[in-house]
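What follows is a set of notes on a single structure, which appears directly below.
Residue numbers (this note's numbering): 13 to 576.
So, in structure tokens, the structure goes:
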């Protein structure tokens with residue numbers, strides 16, 4: 013084979029994703045382009061030493077996109093500050109062989125090596141954990157790789173919520189920006205106790221979170237100071253009429269409200285609009301249940317997913333038409349997905365936004381669905397400009413050739429997209445999945461940054477499979493790094509530093525999602541006048557320059573934390 017290789021790097025921040033020990037706050041996007049003829053029925057993949065590149069396992073390699081001239085290209089976000097080694101391998105395309113590590117042809121050439129730039133230093137030393145406990149001696153046992161564990165004592169720093177309980181803190185353990193697996197333990201009257209996570213999945217009942225500064229209380233992890241007794245998650249149901257009836261009738265909508273919604277009246281939440289609402293919450297419909305409420309409860313409580321409102325919109329007898337983009341009729345009836353989109357955007361969303369405390373901007377408005385629901389989710393995120401993120405489960409792209417053509421010939425970059433498929437879903441699903449995903453790569457999407465592709469090995473086209481893959485999607489689409497960490501702001505307030513020559517010599521560590529204002533005054537008591545405002549950063553932290561033009565006389569400076 014003839015190998016002509018182009019290898020480039022673009023510094024950026026990435027997304028915390030689903031695989032254990034692959035949740036990195038800081039990532040750097042690597043671009044790959046290789047010219048080669050793999051032969052019929054085969055595709056080119058990039059595999060390497062990083063978890064995002066499969067850890068040298070062919071089943072974890074990233075499939076590249078083909079374009080004319082036998083050019084295979086793609087982008088992958090890997091952990092910042094890494095030495096990245098890669099190989100380009102070809103694999104048979106069939107679903108039956110996708111999950112076999114023996115399905116691989118190695119090129120027999122040396123590895124290609126690239127170094128990714130390290131992120132700026134964090135504004136805090138490792139992890140910080142606040143913890144309520146009645147034990148007299150408290151420790152945190154933690155690991156950064158799931159295998160090797162270390163123990164660190166926690167310091168008692170104040171009273172708890174009631175007599176006999178105390179507030180403890182541990183700082184500087186594990187590594188900032190990378191996940192930690194941990195469990196708290198302690199002693200009371202000579203007896204040792206363990207505080208195991210209420211959900212299995214990591215070690216022998218350990219907690220696992222990507223957060224750097226967090227509060228553990230009653231089995232729940234928070235990135236803010238929690239109320240003493242947060243309200244439990246609830247589901248409410250209401251009928252929302254339609255302005256587009258009878259083509260798109262009104263229907264029942266089930267609305268999941270997260271923990272603490274009643275207590276945290278200061279807080280607004282992202283909203284996830286999901287289709288086929290009858291099948292999402294227990295007991296589900298005739299096809300079963302995703303158990304969305306259970307996955308949300310677990311992932312939110314463990315600090316892996318943001319607290320969010322989930323809006324489950326029921327389907328109707330016109331489901332096939334409603335979930336088909338206009339101009340297509342591959343599933344039978346002519347598509348009226350534009351009218352269904354109007355119902356969601358102009359009826360459902362206003363009703364939800366009025367009744368509940370939602371965040372209404374594009375990055376905090378999401379949609380998700382499976383099968384035909386996955387198809388309409390892709391239409392909503394790419395065509396309506398009303399949804400910034402989408403969970404596209406087992407999409408029925410086979411039913412919409414015109415819409416597939418639109419994706420292939422138009423710019424789609426700008427959303428965050430999760431897509432998946434099962435290997436037992438049949439050729440109509442599998443064979444159309446990869447060309448559409450290839451179009452996204454050619455548009456500039458990067459795996460583990462704004463695109464996450466997950467394949468369900470041995471999984472079919474059913475609620476059980478989608479429920480199994482739901483945590484992957486939620487951790488990617490509702491990453492806790494997407495919102496301000498108010499506990500980190502409280503524990504590590506902004507600090508001005510001198511780092512050079514005016515007018516760019518003032519710097520400070522900005523936390524993600526927080527806006528800062530530089531204020532000056534002639535005396536410590538003011539009056540304080542705004543001098544400059546920093547942009548809100550969309551990375552966990554960054555070192556920000558603050559322009560400052562000094563005036564005559566002694567000046568006092570301070571940072572004011574403003575709304576995002």
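Every residue gets a Cβ at the ideal spot worked out from N, C-alpha and C, and that includes glycine.
Remember, it's a predicted structure, so these values are computed and weren't measured experimentally.
* Candidates 395, 94 and 482: which alpha carbon is nearest residue 430's? -> Checked all of 395, 94 and 482; the closest Cα to residue 430 is 482.
* To do: State buried or exposed for residue 32, treating a residue as buried only when at least 16 other CB atoms are found within 10 Å of its CB.
  => Reliability of the predicted coordinates at residue 32 is poor, the pLDDT of 45 falling under 50, and the value obtained from them is presented with this limitation in mind. Residue 32 is classed as exposed because its beta carbon has fewer than 16 other beta carbons within 10 Å across all chains shown.
* Can you tell me which of 457, 529 and 117 puts its alpha carbon nearest to the alpha carbon of residue 53? => The candidate whose alpha carbon is nearest that of residue 53 is 117.
* To do: Give the DSSP-derived three-state secondary structure of residue 312 in the structure shown.
  => DSSP, reduced to helix, strand and coil, places residue 312 within a helical segment of the structure shown.
* To do: Please state whether DSSP places residue 380 in a helix, a strand or coil.
  => Residue state, collapsed to three classes: strand.
* To do: May I ask you to report which of helix, strand or coil DSSP gives residue 420?
  => Three-state result, residue 420: helix.
* To do: Please determine if the region 384 to 392 and the region 327 to 346 are in contact, where contact requires at least 3 C-beta pairs separated by less than 8 Å.
  => In the pairwise beta carbon analysis, the region 384 to 392 is classified as touching the region 327 to 346: at least three pairs are separated by under 8 Å.
* When the Cα atoms are used, what is the spatial distance from residue 416 to residue 448? -> Distance between the alpha carbons of residue 416 and residue 448 is about 7 Å.
* Asked: So, using beta-carbon positions, are residue 281 and residue 368 closer together than 9 Å?
  -> Yes, the Cβ-Cβ distance between residue 281 and residue 368 is below 9 Å.
* To do: Rounded to whole angstroms, what's the CA-CA distance from residue 342 to residue 408? Just pull it up for me.
  => When rounded, the distance between both Cα atoms is 10 Å.
* **Helix, strand or coil at residue 307 [DSSP, three-state]** => The three-state reading of DSSP puts residue 307 in helix, counting H, G and I together.
* Asked: Taking residue 231 as the reference, which of 310, 350 and 456 has the closest Cα?
  -> Per the Cα distances, 310.
* Got a sec: does the ligand ATP put a non-hydrogen atom nearer than 8 Å to the Cβ of residue 556? -> Among the ligands in the structure shown, none appear at all, so the ligand ATP cannot be discussed.
* **CA-to-CA distance, residue 265 to residue 272, given in whole angstroms** => Rounded to whole angstroms, residue 272 and residue 265 show a C-alpha spacing of 21 Å.
* Thinking C-beta only, is residue 305 closer than 9 Å to residue 279? -> No, Cβ-Cβ distance for residue 279 and residue 305 is not below 9 Å.
* Asked: Would you call the CB atoms of residue 374 and residue 403 closer than 9 Å?
  -> Between residue 374 and residue 403, the gap from beta carbon to beta carbon reaches 9 Å or more.
* To do: For residue 23, count neighbouring C-beta atoms within 10 Å of its own C-beta (all shown protein chains included) and say buried if the count is 16 or more, exposed if not.
  => At residue 23, the pLDDT of 21 sits below 50, so the modelled position is not reliable; the number obtained from the coordinates is stated separately. Looking at its Cβ environment, which holds fewer than 16 other Cβ atoms inside 10 Å, residue 23 is exposed.
* Which residues in the same chain have their Cβ closer than 8 Å to the Cβ of residue 167, if we skip the five residues on either side of it in sequence? -> For residue 167, where only same-chain residues beyond five positions count, the Cβ hits under 8 Å are 180, 181 and 182.
* To do: With a threshold of 16 other CB atoms inside 10 Å of the CB of residue 174, please say whether the residue is buried or exposed.
  => With fewer than 16 neighbouring CB atoms inside 10 Å of its own CB, residue 174 falls in the exposed class.
* Among 96, 72, 521 and 102, nearest to residue 47 - alpha-carbon criterion -> It is 102 whose Cα lies nearest to the Cα of residue 47.
* Asked: Going by alpha carbons, who is nearest to residue 203 out of 162, 171 and 150?
  -> Measuring from the Cα of residue 203, the nearest candidate turns out to be 150.
* Asked: In or out: residue 222 buried (at least 16 other Cβ within 10 Å) or exposed?
  -> Residue 222 counts as buried, since at least 16 other C-beta atoms from the protein chains shown sit within 10 angstroms of its C-beta.
* **Ranges of the beta strand (DSSP E) found wholly within the region 455 to 515, counting only runs of at least 3** => The qualifying runs are 463 to 468.
* Contact belief for residue 45 with residue 58 at Cβ below 8 Å, rounded distance in angstroms -> Wrong, their Cβ atoms sit about 10 Å apart, outside the cutoff.
* Asked: For the putative contact between residue 456 and residue 75, defined by C-beta atoms under 8 Å, what is the C-beta separation to the nearest angstrom?
  -> Residue 456 to residue 75, Cβ: 16 Å. No contact.
* To do: Quickly, what does DSSP pair residue 39 with across the bridge? List them, please.
  => Per DSSP, the beta bridge partners of residue 39 are 91.
* Asked: Just how far apart, CA to CA, sit residue 443 and residue 211?
  -> Approximately 37 Å, taken between the alpha carbons.
* Asked: Mapping DSSP to helix, strand and coil, what is residue 19?
  -> Any reading at residue 19 must be qualified, since the residue scores a pLDDT of 30, below 50, and its modelled position is unreliable; no value is offered.
* Asked: Just reading off the beta strand (DSSP E) that residue 250 is part of, what are its end residues?
  -> Per DSSP, residue 250 belongs to the beta strand (DSSP E) from 246 to 252.
* Asked: On the premise that residue 435 lies in contact with residue 107, defined as a C-beta separation below 8 Å, what is that separation, rounded to the nearest angstrom?
  -> Confirmed, about 4 Å.
* Asked: If you count every other CB in all the chains shown that lies within 10 Å of the CB of residue 277, and 16 or more means buried, which is it?
  -> Exposed.
* **When 571, 552 and 330 are compared against residue 131, the one with the closest alpha-carbon** => By alpha-carbon distance to residue 131, the top candidate from 571, 552 and 330 is 552.
* To do: Would you check if the distance between the CB atom of residue 571 and the CB atom of residue 560 is smaller than 9 Å?
  => Taking 9 Å as the Cβ cut-off, residue 571 and residue 560 do not qualify as a contacting pair.
* If we count Cβ pairs, one from each stretch, closer than 8 Å, do we get three or more for the region 142 to 157 versus the region 187 to 201? -> With the rule of 3 Cβ pairs closer than 8 Å, the region 142 to 157 counts as touching the region 187 to 201.
* **Contacting residues, own chain, Cβ-Cβ under 7 Å from residue 555 (five flanking each side not counted)** => Residues of the same chain with a CB within less than 7 Å of the CB of residue 555, apart from the 5 flanking positions on each side, are 132, 519 and 521 in chain order.
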